[in-house]
Structures are given as structure tokens and as C-alpha cells.
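To start, the structure under review is shown below, and the notes come after it.
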Amino acid sequence: MSVCYALYDPLFVLLALLASSQSGSYVVRDESGDVRLIIFDENRASDSPVVETVWHCRSGQASTFLSRAVSQWEIVIMKQHGTMSITVRGPETRATTACCPEEAEFLGITFTLGTFMPLLPTTDRLDGEVILPLATKRSFWLYGAAWQFPDYNNADTFVDRLLRVGLLVRDPIVDAALQGHLKEYSLRTVQRRFLRATGLTVSAVRQIERAHKAEALLERGVSILDTVELAGYADQAHLTRSLKRFVGRTPAQVSGNVCR
Numbered sequence: 481m482s483v484c485y486a487l488y489d490p491l492f493v494l495l496a497l498l499a500s501s502q503s504g505s506y507v508v509r510d511e512s513g514d515v516r517l518i519i520f521d522e523n524r525a526s527d528s529p530v531v532e533t534v535w536h537c538r539s540g541q542a543s544t545f546l547s548r549a550v551s552q553w554e555i556v557i558m559k560q561h562g563t564m565s566i567t568v569r570g571p572e573t574r575a576t577t578a579c580c581p582e583e584a585e586f587l588g589i590t591f592t593l594g595t596f597m598p599l600l601p602t603t604d605r606l607d608g609e610v611i612l613p614l615a616t617k618r619s620f621w622l623y624g625a626a627w628q629f630p631d632y633n634n635a636d637t638f639v640d641r642l643l644r645v646g647l648l649v650r651d652p653i654v655d656a657a658l659q660g661h662l663k664e665y666s667l668r669t670v671q672r673r674f675l676r677a678t679g680l681t682v683s684a685v686r687q688i689e690r691a692h693k694a695e696a697l698l699e700r701g702v703s704i705l706d707t708v709e710l711a712g713y714a715d716q717a718h719l720t721r722s723l724k725r726f727v728g729r730t731p732a733q734v735s736g737n738v739c740r
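Numbered by our numbering, the letters in the sequence shown go through residues 481 to 740 in order.
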């Protein structure tokens with residue numbers, strides 16, 4: 481299977497395919513229109529309640545790409561020319577231009593909304609990342625201890641260890657806030673805990689998720705006017721502003737960027 485994505489984030493294009501468990505070879509066009517090959521080897525769900533997805537991919541040539549907004553954060557491990565690095569990334573509140581290095585291999589662990597690292601505040605990584613220092617070629621430092629780099633098969637074990645030592649926790653108030661089940665909490669408590677866990681406000685998360693829903697509808701061939709209604713936008717202008725901010729493309733560009 482081969483799918484062509486124009487002006488799309490090659491790391492996060494995988495997330496758009498996870499629901500259907502698709503994997504394979506995907507062609508990505510950069511901002512100059514040149515083709516950049518990103519091979520998505522594997523992606524899977526996780527048994528861990530704090531992990532949304534574990535994914536593994538490789539890049540071809542170096543390129544720039546458009547990285548869309550996302551409300552979740554990730555741990556991303558990159559191996560390039562025999563050297564490994566690990567970063568804690570996101571969330572992202574707007575679409576930005578970024579770089580994809582050449583001939584690199586990536587392992588990503590995407591965490592569920594509401595999961596966070598108390599000693600590495602999510603708000604400090606908003607629209608950015610933290611690079612963790614290396615201990616050896618095969619390990620990195622995390623809060624005074626050396627941790628072995630996880631791989632695709634033992635990523636869940638790595639996450640379980642983080643949970644056991646308290647370096648990773650989940651706040652159930654996030655799901656409750658998004659579902660509107662918060663009568664027992666004050667508004668200030670909800671806002672404080674939601675921001676601490678996600679780095680975002682409830683409104684920001686909903687706006688990002690709505691833009692992703694609209695993008696998915698348009699990519700499936702739903703008309704722009706029907707997308708306005710199904711995604712809950714006030715009008716087409718509202719949809720356009722939202723997609724340009726969170727996805728970096730207009731509705732017309734989204735509709736025309738998938739080639740099967």
C-alpha cells in the first residue's frame with residue numbers, strides 16, 4: 481500500500497492511520513513539492529492504560545515538513561548513523577514547519593491525555609521538547625538514574641517501570657473534565673489539575689481535537705459544508721481559520737492532498 485501526503489508531518493501522519501491499524505510505505509511531499517519517503521514499519525496499541533500508541537518508523541531523505549497541532553505528548557527515540565537520542569515532545573498548539581533528518585530510525589511512545597511526568601512539567605514542553613542527556617551509547621539519564629533505551633517490543637515494560645517509581649502518573653480529572661462529569665470539583669481545581677496534566681486548557685484540547693476530526697472528514701471525501709456541520713463549526717470561515725492554525729492547511733488543501 482502506498483499513500484501520498486502533501487505538506488504533512490511525517491511523524492504525525494502515522495497517528496492519522498492508527499485507527500485503522502495501517503502500516504506500510506508512505507510518500508511525503510515537502511514544502512518545495514519534492515518527494516520524501518517515510519517508511520512506517522509498525523504501529524500498535526498498548527496494554528498500558530497510559531499509552532495511546534507505540535510506533536516505529538524510518539525516514540529517507542532529509543526534508544522540512546508541516547507539523548500539526550497535537551494535544552498529546554510523546555517520548556521519541558531516534559537512531560541516526562549509530563547514535564541514539566531521546567526527547568520528550570509536545571503538546572503542540574499550532575502547526576509549524578519542522579525538519580525531518582535523513583536516514584533515521586524512530587521509536588515513539590504516545591501517551592494518553594491526562595498522563596504526565598510530575599518532575600518534567602508538560603507546560604515546560606508546550607510547543608517544544610526536552611532532550612534527555614545520554615549516560616552511555618545504550619542508556620540515558622532520567623532523574624539521577626541511568627535507563628536503558630526501550631525498543632518497540634519492550635516499550636510497555638519501560639512505561640510500567642516509570643509508573644512504578646512515580647515518574648509517570650495519570651490524573652483521572654482530565655477524562656472527567658472532557659466528559660463534563662465534574663460536579664464535585666470547583667472550577668479552579670479542574671483548571672489547575674487539567675493544565676498540570678496536559679499543559680493545555682480544556683478549550684484548547686477540544687479545539688485541536690475538532691480540527692483533527694474536520695481534517696479526517698475532509699480526507700475521507702466529505703464536502704466542506706458537511707464538514708462544517710459534522711465537526712460543529714459555526715461556518716466555513718470558522719473551519720478555515722481552525723484548520724490553518726492547527727493543521728496548517730485550508731479545507732481545500734486538505735481535500736486535495738491525499739492520493740490513493
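C-beta atoms are modelled at their ideal positions from N, C-alpha and C, and glycine is treated no differently.
Q. By Cβ distance below 7 Å, which residues in the same chain neighbour GLU695 in space, the five residues on each side in sequence not counted?
A. For GLU695, where only same-chain residues beyond five positions count, the Cβ hits under 7 Å are LEU723, VAL727 and VAL734.
Q) Looking at GLU583 and SER547, is the spacing between their C-beta atoms short of 9 Å? A) At the C-beta level, SER547 and GLU583 stay beyond 9 Å of one another.
Q. CB THR567 to CB GLU532, shorter than 9 Å?
A. Contact: no.
Q. Excluding five sequence neighbours on each side, which residues of the same chain lie with their C-beta closer than 7 Å to the C-beta of ILE589?
A. Hits under 7 Å: VAL531, VAL534, GLU554, ILE555, ALA635 and VAL639.
Q | Per-residue DSSP class, three states only, for GLU572 | A | When secondary structure is reduced to three states using DSSP, GLU572 falls in the strand class.
**Q.** Element boundaries [beta strand (DSSP E), containing THR533]
**A.** Segment 531 to 539, the beta strand (DSSP E) holding THR533.
Q.
Quick check on this structure: which residue in GLU709, LEU710 and LEU593 has the alpha carbon closest to the alpha carbon of ALA684?
A. Considering only alpha carbons, the answer is LEU593.
**Q.** Contact the region 614 to 634 vs the region 665 to 678: 3+ CB pairs below 8 Å
**A.** In short, these stretches do not touch, since the Cβ pair count stays below three.
(Q) Strictly by DSSP, which residues pair up with THR544? (A) Per DSSP, the beta-bridge partners of THR544 are CYS579.
Q.
So, for GLN502: in the same chain, excluding its five sequence neighbours on each side, which residues have a beta-carbon less than 6 Å away from its beta-carbon?
A. Confidence is the limiting factor: at GLN502 the pLDDT is only 46, short of 50, which leaves the residue's position unreliable, though a coordinate-based value still follows. Sequence-distant partners of GLN502 (beyond 5 residues in either direction) whose C-beta falls short of 6 Å from its own C-beta are missing from its chain.
Q. Helix, strand or coil for SER501 per DSSP?
A. Bear in mind that the predicted position of SER501 carries a pLDDT of just 42, short of 50, making it too unreliable to give a figure here.
Q.
To the nearest angstrom, how far is the alpha carbon of VAL645 from that of ALA549?
A. In this model, VAL645 and ALA549 are separated by some 31 Å (Cα to Cα).
Q) What are the residues that DSSP puts in a beta bridge with ARG650? A) According to DSSP, ARG650 bridges with THR595.
Q) Can you tell me the Cα-Cα spacing of ILE611 and SER565, whole angstroms? A) Across the structure, ILE611 and SER565 are spaced so that their CA atoms are roughly 8 Å apart.
**Q.** For ALA615, the three-state DSSP class (helix, strand or coil)
**A.** Reduced to three states, the DSSP call for ALA615 is strand.
**Q.** Cα-Cα separation, HIS536 to LEU667
**A.** Rounded to the nearest whole angstrom, the C-alpha separation of HIS536 and LEU667 is 39 Å.
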